[in-house]
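Asker: These protein sequences, in sequence, are chains F and U. At position 170 of the first sequence (counting the first as 1) the number is 287 in the working numbering, and the numbers step up by one without a gap. At position 73 of the second sequence (counting the first as 1) the number is 94 in the working numbering, and the numbers step up by one without a gap.
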Amino acid sequence: MIEQIRDKARELLESKQISCFIGYERGTRGKTHPAFIYNPQEVGRLVWDESCTHNLTVYLHQFKNPVKRGEPPPRVGILLKPCDTRSLNVLFHEKQIDRARVYVVGLACEGVKGNGRLAGRCQRCSERLPLVYDLLLGEKPEPTGREDYAEVADLEAMSPKERLAFWAREFERCIRCYACRQACPACYCFECVAEQLDPPWMGIAIDLSQKQFFHVMRAYHLAGRCAGCNACEEACPMEIPLSLLNRKIAKELEALFGYKVGQDAITPPPLATFKKEEEVPL
Amino acid sequence: MAADFEPRIVGFLCRWCSYPGADLAGTSRIRYSPSLHIIRVPCSGRVDPLLVLKAFQDGADGVMVLGCHPGDCHYVEGNYHARRRYALMHRLLEYVGIEKDRLLVEWVSAAEGGRFAQMTTEFADQVRELGPRGGTQVDRAD
Chain F
118 MIEQIRDKAR ELLESKQISC FIGYERGTRG KTHPAFIYNP QEVGRLVWDE
168 SCTHNLTVYL HQFKNPVKRG EPPPRVGILL KPCDTRSLNV LFHEKQIDRA
218 RVYVVGLACE GVKGNGRLAG RCQRCSERLP LVYDLLLGEK PEPTGREDYA
268 EVADLEAMSP KERLAFWARE FERCIRCYAC RQACPACYCF ECVAEQLDPP
318 WMGIAIDLSQ KQFFHVMRAY HLAGRCAGCN ACEEACPMEI PLSLLNRKIA
368 KELEALFGYK VGQDAITPPP LATFKKEEEV PL
Chain U
22 MAADFEPRIV GFLCRWCSYP GADLAGTSRI RYSPSLHIIR VPCSGRVDPL
72 LVLKAFQDGA DGVMVLGCHP GDCHYVEGNY HARRRYALMH RLLEYVGIEK
122 DRLLVEWVSA AEGGRFAQMT TEFADQVREL GPRGGTQVDR AD
């Protein structure tokens, strides 16, 4: 598959259809990390294997603005896994990225591995095929997983006091490095509430209530927009289970409004719309 | 739980229905809970869930969000948005360990002074029952 990716990237770059190809390359210590290929001769740097966990759509935000004034923004090629294409659909819907400005090389994905085992989201993945692509590579593997929100249900079964203690233990570790926010394709506000000084929503003290406030705020802002790519949790140096928050919201939105994030670029997220005659259990 | 615990409740009241409703309760000399601290907002759709979160973070024991009845919004659709937002917010708060009985989202019209008073008193009792919001909150001097 990697040869096909490299050939396509070379072809796109040489024919000047795109100015940059975003993929993965191997770092100096053997781990994969994002690669930005501008020169067709460098496509050999590109790799693809099961350690390519990053959601590359987050880097598309860097290509939103024109390089020179008056020109259109650069067109980029990007390598995306099925879960990443959901994020891309969210960005299309929010008019952050023009469909014509990206060339999506979509991969049929068998799941990625972190720390030697299949990532949680891949175990639960029932898609395995990208939702939006210009070129599809690979054969569709048999989907094995199903999202059953088991871990979320475990937490729901606790008493409020236990849950409070659980989250206090988890959020206690947060160092407010904002890696979760930086890794998130849907977190692209120019000025994040966490750093807004007027009004000062959130303190920056090492204080549990402020850390908790930050994470609940972020989870809520991502309600109906989080595609479950789990980039936040993977970026977290303190291993806070942020996916438990995001999946809870995904679960509720599915139950309340029958909405699944990123299935297309047209349906508005449930909190951005309403129906007059609906019964919403408060 | 201290018997003399008096909860601090923040109420976000819509300017067109619920706030006049509270006003009516006042001018009609109906008693309602003194624990309620009312903040007047233009619309229940104005109440960013972050305001609720911020109130809890700053030590509120309960939060009320009151707006016009669905269909009666002065801005046509603000309370429909609020309805969806708080349906989710309730569940998220419950999930992070803030009991959902601490947040009340209701619709009160300008004519429902009695209902407002009754609802407020009942909600204050409910929050008093739950006790102070312990756990993550930092002690504040105020």
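Idealized CB from N, CA, C, for every residue including glycine. Model, not experiment: these values are computed from the prediction.
1. Is U/HIS102 helix, strand or coil when you go by DSSP?
2. Would you call the region 197-204 of chain F in contact with the region 341-357 of chain F, where contact means no fewer than 3 C-beta pairs closer than 8 Å?
3. Using only alpha-carbon positions, find the residue among F/TYR376, F/GLY161, F/GLY237 that is nearest to F/ALA267.
4. Is the Cβ of U/GLY118 closer than 8 Å to any Cβ of chain F?
5. Please check the pair U/ASP93 and U/ILE30, which I expect to be a contact at CB under 8 Å, by giving their CB distance rounded to whole angstroms.
6. Going along the chain, which residues of its own chain have a beta-carbon closer than 6 Å to the beta-carbon of F/ARG241, five neighbours each way excluded?
7. Can you give me, in chain order, the residues of the region 63-79 of chain U that have a beta carbon less than 9 Å from any beta carbon in chain F?
8. Please work out which residues of its chain come closer than 8 Å, Cβ to Cβ, to F/PRO258, disregarding the five sequence neighbours upstream and downstream, and give them in chain order.
9. Under the assumption that U/VAL126 contacts U/VAL86 (Cβ atoms under 8 Å), give the Cβ distance between them as a whole number of angstroms.
10. Relative to the C-alpha of F/MET334, which candidate in F/LYS368, F/ILE323, F/GLU312, F/CYS353 has its C-alpha closest?
11. Listing by chain order, which chain U residues have their CB less than 7 Å from the CB of F/TYR376?
12. Under three-state DSSP, which class holds U/GLU127?
13. Using a C-beta cutoff of 8 Å, does F/ARG280 count as contacting chain U?
14. Rounding to the nearest angstrom, what Cα-Cα distance links F/SER132 and F/VAL184 in this structure?
15. On a CA-only basis, which of U/LEU57, U/SER54, U/TYR53, U/GLY66 is nearest U/CYS38? Give me that one, please.
16. Helix, strand or coil for F/PHE180 per DSSP?
17. Which word fits U/THR157, buried or exposed, when buried means at least 16 other C-beta atoms lie within 10 angstroms of its C-beta?
18. Per DSSP, what kind of secondary structure is F/VAL397 in: helix, strand or coil?
19. Expressed to the nearest angstrom, what Euclidean distance is found between the alpha-carbon atoms of F/ASN232 and F/THR170?
20. Could you check whether the Cβ of F/PRO387 sits closer than 8 Å to any Cβ belonging to chain U?
21. Exposed or buried, F/CYS239, counting other C-beta atoms within 10 Å across all chains shown (16 or more means buried)?
22. Can you name the start and end residues of the alpha helix (DSSP H) that F/PRO277 belongs to?
23. Going by DSSP in three states, U/VAL159 sits in which element: helix, strand or coil?
24. Run through the DSSP bridge pairs and tell me what F/GLU159 is partnered with.
25. Have a look at F/SER326 and U/ARG105 and give me their C-alpha separation to the nearest angstrom.
26. Could you tell me the distance, in whole angstroms, from the CA atom of U/ALA162 to the CA atom of F/VAL310?
27. What does a CB cutoff of less than 6 Å around U/HIS102 pick up in its chain, not counting 5 residues either side in sequence?
28. What's the call for U/THR48, buried or exposed, on a 16-neighbour Cβ count within 10 Å?
29. Just the C-alpha distance for F/MET275 and U/GLU115, rounded to the nearest angstrom, thanks.
30. Around the C-beta of F/ARG123, are 16 or more other C-beta atoms found within 10 angstroms, so that it is buried, or is it exposed?
31. So, are the CB atoms of U/VAL117 and F/ARG280 less than 8 Å apart?
32. By how many angstroms is the C-alpha of U/VAL129 removed from the C-alpha of U/ARG136?
33. DSSP beta-bridge partners for U/HIS58?
34. Given that F/GLU273 touches chain U, what residues does it touch there, using C-beta distances under 9 Å?
35. Determine, for U/VAL126, whether the minimum Cβ-Cβ distance to residues of chain A falls below 8 Å.
36. What does F/GLU369 reach in chain U if we use C-beta pairs closer than 7 Å?
Answerer: Looking at the coordinates:
1. As a first step, residue 102 of chain U must be located in the second sequence, where it is residue number 81. DSSP places U/HIS102 in helix when its eight states are reduced to three.
2. yes
3. Locating residue 267 of chain F in the first sequence gives position 150, where the first residue counts as 1. It is F/GLY237 whose Cα lies nearest to the Cα of F/ALA267.
4. Within the second sequence, residue 118 of chain U is the residue found at index 97, counting from 1. Yes - at least one Cβ of chain F is within 8 Å of the one on U/GLY118.
5. Position 72 of the second sequence, counted from the start, is the residue given in the question as residue 93 of chain U. Position 9 of the second sequence, counted from the start, is the residue given in the question as residue 30 of chain U. Not confirmed; about 24 Å, so no contact.
6. Your numbering for residue 241 of chain F matches position 124 in the first sequence. The residues are GLY262, GLU264.
7. PRO70, LEU71, LEU74, LYS75, PHE77, GLN78, ASP79
8. Position 141 of the first sequence, counted from the first residue, corresponds to residue 258 of chain F. Closer than 8 Å at Cβ, skipping near neighbours: ALA225, CYS226, GLU227, ARG245.
9. Along the second sequence, one-based indexing puts residue 126 of chain U at 105. Along the second sequence, one-based indexing puts residue 86 of chain U at 65. About 5 Å; that satisfies the 8 Å criterion.
10. Along the first sequence, read from residue 1 onward, the residue named residue 334 of chain F stands at position 217. When only C-alpha atoms are compared, the closest one is F/GLU312.
11. Numbered from 1 along the first sequence, position 259 holds the residue referred to as residue 376 of chain F. Residues of chain U passing the Cβ test: none, with the nearest at roughly 11 Å.
12. Taking the first residue of the second sequence as 1, we reach residue 127 of chain U at position 106. Strand at U/GLU127.
13. For the purposes of this step, residue 280 of chain F is taken as residue 163 along the first sequence, with counting starting at 1. Taking Cβ atoms only, chain U reaches closer than 8 Å to F/ARG280, which makes this a yes.
14. Translated into the one-based positions of the first sequence, residue 132 of chain F becomes position 15. Translated into the one-based positions of the first sequence, residue 184 of chain F becomes position 67. Cα to Cα, the separation comes out at about 19 Å.
15. By one-based count along the second sequence, residue 38 of chain U stands at place 17. Answer by Cα proximity: U/GLY66.
16. By one-based count along the first sequence, residue 180 of chain F stands at place 63. If DSSP states are grouped into helix, strand and coil, F/PHE180 belongs with the helices.
17. Translated into the one-based positions of the second sequence, residue 157 of chain U becomes position 136. For U/THR157, the predicted structure reports a pLDDT of 45, less than 50, and the residue's modelled location is therefore unreliable. A value from the coordinates is still provided. Counting Cβ neighbours within 10 Å, U/THR157 comes out buried, since at least 16 surround it.
18. For the purposes of this step, residue 397 of chain F is taken as residue 280 along the first sequence, with counting starting at 1. In the structure shown, F/VAL397 sits in coil (DSSP, three-state: anything other than H, G, I, E or B).
19. Start at 1 with the first residue of the first sequence, and residue 232 of chain F comes out as number 115. Start at 1 with the first residue of the first sequence, and residue 170 of chain F comes out as number 53. Approximately 11 Å, taken between the alpha carbons.
20. Counting from one through the first sequence, the residue named residue 387 of chain F turns up at place 270. For F/PRO387, the answer is yes, since a Cβ of chain U falls inside 8 Å of its Cβ.
21. By one-based count along the first sequence, residue 239 of chain F stands at place 122. By the neighbour-count rule (16 or more Cβ atoms within 10 Å), F/CYS239 is buried.
22. As a position in the first sequence, residue 277 of chain F is number 160, starting the count at 1. That run of the alpha helix (DSSP H) goes 277-289.
23. Working through the second sequence from its first residue, we reach residue 159 of chain U at position 138. Legend: pLDDT at U/VAL159 = 42, less than 50; position of this residue unreliable, value from coordinates given subsequently. Looking at U/VAL159 - three-state DSSP - the assignment turns out to be coil, as it is neither helix nor strand.
24. To locate residue 159 of chain F, count along the first sequence from 1; it is residue 42. None; F/GLU159 has no bridge partner.
25. For this step, residue 326 of chain F is matched to residue 209 along the first sequence. For this step, residue 105 of chain U is matched to residue 84 along the second sequence. Approximately 26 Å between the Cα atoms of the pair.
26. Translated into positions along the second sequence, residue 162 of chain U becomes position 141. Translated into positions along the first sequence, residue 310 of chain F becomes position 193. Because the pLDDT of U/ALA162 is 39, which lies under 50, any placement of that residue in the model is unreliable, and the number read from its coordinates should be weighed accordingly. When rounded, the distance between both Cα atoms is 25 Å.
27. The sequence position of residue 102 of chain U within the second sequence is 81, counting from 1. Contacts found: GLY66.
28. As a working note, residue 48 of chain U is residue 27 in the second sequence. U/THR48 comes out exposed.
29. Against the first sequence, residue 275 of chain F aligns to sequence position 158. Against the second sequence, residue 115 of chain U aligns to sequence position 94. Approximately 11 Å, taken between the alpha carbons.
30. As a working note, residue 123 of chain F is residue 6 in the first sequence. It is buried - the Cβ of F/ARG123 has at least 16 other Cβ atoms within 10 Å.
31. As a working mapping, residue 117 of chain U is identified with position 96 in the second sequence. As a working mapping, residue 280 of chain F is identified with position 163 in the first sequence. Yes, Cβ-Cβ distance for U/VAL117 and F/ARG280 is below 8 Å.
32. Counting from one through the second sequence, the residue named residue 136 of chain U turns up at place 115. Counting from one through the second sequence, the residue named residue 129 of chain U turns up at place 108. Rounded to the nearest angstrom, the two C-alpha atoms are 8 Å apart.
33. Mapped onto the second sequence, residue 58 of chain U falls at position 37. Per DSSP, U/VAL31.
34. Sequence index remark: in the first sequence, residue 273 of chain F carries index 156 (1-based). Simply GLU115, TYR116.
35. Of the protein chains in this structure, namely F and U, none is chain A.
36. Stepping through the first sequence from its first residue, residue 369 of chain F is reached at position 252. The contacting residues are LEU109, ARG112.
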